[in-house]
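Participant: Structure below; questions to follow.
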Amino acid sequence: MSMSVIVVGLGYVGLPIAIHAAEAGYKVIAFDSNQEKILKLQQGITEIPDITLQQIKKLQSNGQISFTSKLEKQVKKTIFIISVPTPLDLNRAPDLSMLKLACNSIAKVAVDDCLIINESTSYIGTLRNLIKPLIDRESQITTLKYAAAPERIDPGNKKWFLKNTPRLISGITDEAKKEAKVFYGKFCDEIYEVSAPEVAEAAKLFENSFRQVNIALVNELALIADKLNFSTHEAIMAAATKPFGFMPFFPSIGVGGHCIPVDPSYLSYSAELVGIDAKFIKLANQVNSLMPKVITERVREYLGGDLKGKQIQIAGITYKPNISDLRESPALDLIKELTMAGAIISWHDPFVKVYEGQQSVALTSEVDLGLIVTPHSQIDFSTWKTANVKVLDLSANSNNYGWPKFL
Ligand SMILES: NC(=O)c1ccc[n+]([C@@H]2O[C@H](COP(=O)([O-])OP(=O)(O)OC[C@H]3O[C@@H](n4cnc5c(N)ncnc54)[C@H](O)[C@@H]3O)[C@@H](O)[C@H]2O)c1
């Protein structure tokens with residue numbers, strides 16, 4: 484197979500796509516503007532879960548993949564995949580600066596008939612109203628094809644991964660959709676076609692808004708349970724015995740990562756553009772982002788009403804277990820809240836060496852309280868257990884009946 488694929492942005496989304504496409508036989512040029520990252524990838528080094536040094540080395544030696552921070556003008560039809568970050572700015576509005584730069588890079592090297600697929604999450608209409616006009620104008624090419632295939636990957640998930648998570652696809656033209664279908668069909672088990680890119684974009688935003696709203700709802704239940712003195716987990720598990728119309732979510736200290744706290748704001752932005760106030764999303768944001776404050780109050784009560792000088796150690800500060808991603812992690816807000824209340828915080832995270840100048844330290848028994856926030860499977864809690872350290876388990880999937888639970 485001689486078709487080339489250029490993946491723009493090699494993070495949690497782009498690198499797995501690049502590897503899968505290369506393993507499926509495409510000749511992949513893996514491009515990232517971060518030179519340091521490229522140097523590491525050229526040596527096979529990455530922190531992205533489930534991608535191994537051996538895998539990268541093998542594809543490199545076969546000539547299936549190359550890593551670069553500089554793109555060359557293409558000489559023949561190429562498939563471009565956009566997988567760059569689409570965060571929120573300080574006002575929680577879409578920050579599409581990296582997406583626009585990616586489009587500029589593509590426009591410079593694209594040739595007639597290239598297929599451009601957007602996997603980055605963005606507001607509804609981004610492919611048609613932003614990506615296409617920008618690349619068409621900059622490249623001065625009129626034959627480019629555009630498809631939307633929003634990524635739904637959950638990095639580190641051992642059950643649902645790139646291959647077996649159904650891939651949503653649509654195109655601005657039927658031809659674009661058809662070509663995108665052929666591409667993903669090489670390494671995805673199931674393709675789900677939708678009638679327009681806007682549907683694919685909306686589906687991606689809605690599925691993560693669904694999670695955000697339900698997490699907020701269950702966090703509210705946890706607050707009610709705390710005051711009424713019943714076990715949230717037990718109530719949720721009891722509700723989950725209903726075989727229809729219910730899906731369990733579990734309380735936590737909030738939502739983190741690049742998706743759940745961000746994507747719903749892209750949906751509310753889409754709503755604002757047409758004069759609709761997306762109230763559920765705002766409310767869910769409010770409830771979830773209040774959780775670190777709520778937990779701080781709970782800890783204050785538990786430690787006698789004053790946190791000044793209290794030594795508290797946190798186990799796990801990334802936004803979910805077994806990955807190194809700190810983006811939007813609510814653990815960081817919890818650290819801020821506890822510190823502002825006067826507590827002396829130390830933390831242990833095998834995936835994070837340093838955060839804001841503070842280093843990860845081993846779990847110690849010399850603390851007033853241990854907080855389990857992100858229970859990475861490699862954390863050994865024996866130091867706390869042996870010394871009978873007071874522990875509050877705040878992890879969402881702890882399966883400890885009673886949340887928040889003092890162990
Ligand atoms: N992380 C997830 O779990 C996940 C899941 C589904 C969808 N998404 C979406 O996918 C997109 C990418 O997210 P991610 O988590 O992979 O981000 P990431 O930060 O892990 O990686 C993005 C990469 O893009 C590079 N980059 C930035 N601007 C660039 C440019 N102009 N040209 C080339 N490279 C550039 C960065 O250096 C970085 O290496 C986002 O829109 C995100 O919302 C993420």
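In the numbering used here, the protein residues as written are 484 to 890.
Cβ coordinates follow ideal geometry from the N, Cα and C atoms, glycine included.
Remember, it's a predicted structure, so these values are computed and weren't measured experimentally.
One question on the structure: do Ile-652 and Ile-618 come within less than 8 angstroms of each other, judged by their Cβ atoms?
Facilitator: Here residue 652 refers to the residue found at position 169 when the sequence shown is read from its first residue. Here residue 618 refers to the residue found at position 135 when the sequence shown is read from its first residue. Against a cut-off of 8 angstroms, the Cβ pair of Ile-618 and Ile-652 comes out as no contact.
Participant: Please classify Tyr-884: does DSSP put it in a helix, a strand, or coil?
Facilitator: Your numbering for residue 884 matches position 401 in the sequence shown. Since pLDDT at Tyr-884 reaches only 44, below the 50 mark, its modelled position is unreliable, and no value is offered.
Participant: Apply the 10 Å Cβ neighbour rule to Asp-746 and answer buried if 16 or more other Cβ atoms are within range, or exposed otherwise.
Facilitator: In the sequence shown, residue 746 corresponds to position 263, counting from 1. By the 10 Å Cβ count, Asp-746 comes out buried.
Participant: Given the structure, does Thr-529 come close to ligand 1, in the sense that its CB is under 7 angstroms from one of the ligand's heavy atoms?
Facilitator: Counting from one through the sequence shown, the residue named residue 529 turns up at place 46. Not under cutoff, so the answer is no.
Participant: Would you say the segment 550-566 touches the segment 494-509, given that touching needs at least three Cβ pairs under 8 angstroms?
Facilitator: These segments touch.
Participant: Counting only the same chain and skipping the five closest in sequence on each side, list residues whose C-beta sits under 6 angstroms from that of Ala-767.
Facilitator: Your numbering for residue 767 matches position 284 in the sequence shown. So the qualifying residues of the chain are Gln-695, Val-696, Ala-699.
Participant: Taking DSSP's pairing of strands, which residues face Lys-628 in a bridge?
Facilitator: Here residue 628 corresponds to residue number 145 of the sequence shown, with the count starting at 1. Lys-628 is bridged to Leu-598.
Participant: Take the Cβ of Phe-670 as the centre, count every other Cβ of all protein chains shown within 10 Å, and call the residue buried at 16 or more, exposed below.
Facilitator: Position 187 of the sequence shown holds residue 670. Counting Cβ neighbours within 10 Å, Phe-670 comes out buried, since at least 16 surround it.
Participant: Would Arg-635 and Lys-556 qualify as a contact pair, given that the criterion is a beta-carbon distance under 8 angstroms?
Facilitator: Here the question's residue 635 lines up with position 152 in the sequence shown. Here the question's residue 556 lines up with position 73 in the sequence shown. No, the Cβ-Cβ distance between Arg-635 and Lys-556 is not below 8 angstroms.
Participant: Tell me Gln-794's beta-bridge partners as DSSP assigns them.
Facilitator: Within the sequence shown, the letter at position 311 stands for residue 794. BP columns for Gln-794 point to Ile-827.
Participant: Spatial neighbours of Lys-646 within its chain, please: C-beta separation below 8 angstroms, excluding the five flanking residues on both sides.
Facilitator: Counting from one through the sequence shown, the residue named residue 646 turns up at place 163. Same-chain partners within the cutoff: His-503, Phe-670, Cys-671, Asp-672.
Participant: Measuring alpha carbon to alpha carbon, tell me which of Ser-735, Lys-559, Ile-818 ends up nearest Val-488.
Facilitator: Reading the sequence shown from its first residue, position 5 is the one you call residue 488. Of the listed residues, the one whose Cα sits closest to Val-488 is Lys-559.
Participant: At which residues does the beta strand (DSSP E) containing Arg-650 begin and terminate?
Facilitator: In the sequence shown, residue 650 corresponds to position 167, counting from 1. Residues 650-654.
Participant: Can you say whether Ser-848 is buried or exposed, counting buried as having 16 or more other CB atoms within 10 angstroms of its CB?
Facilitator: Counting from one through the sequence shown, the residue named residue 848 turns up at place 365. So Ser-848 ends up on the exposed side.
Participant: Can you tell me whether DSSP reads Glu-530 as helix, strand or coil?
Facilitator: Against the sequence shown, residue 530 aligns to sequence position 47. Three-state DSSP puts Glu-530 in coil, outside helix and strand.
Participant: Between the beta-carbon of Val-861 and the beta-carbon of Ser-829, is there less than 8 angstroms?
Facilitator: Against the sequence shown, residue 861 aligns to sequence position 378. Against the sequence shown, residue 829 aligns to sequence position 346. One detail in the question is off: residue 861 reads as Gln in this sequence, not Val. Cβ atoms of Gln-861 and Ser-829: not closer than 8 angstroms.
Participant: I think Ile-827 touches Gly-792, with their Cβ atoms under 8 angstroms apart; what is that distance to the nearest whole Å?
Facilitator: One-based indexing of the sequence shown puts residue 827 at position 344. One-based indexing of the sequence shown puts residue 792 at position 309. Rounded, the Cβ-Cβ distance is 7 angstroms, consistent with contact.
Participant: Going by C-alpha distance, which of Gly-799, Val-856, Tyr-749 is nearest Tyr-606?
Facilitator: Taking the sequence shown and counting its residues from 1, one reaches residue 606 at position 123. Of the candidates Gly-799, Val-856, Tyr-749, the one whose C-alpha sits nearest the C-alpha of Tyr-606 is Tyr-749.
Participant: Can at least three beta-carbon pairs, one atom from the segment 676-686 and one from the segment 625-634, be found at a separation below 8 angstroms?
Facilitator: Touching, per the Cβ criterion.
Participant: With a threshold of 7 angstroms (Cβ to nearest heavy atom), would Thr-604 be considered close to ligand 1?
Facilitator: Counted from its first residue, the sequence shown places residue 604 at position 121. The answer is yes for Thr-604.
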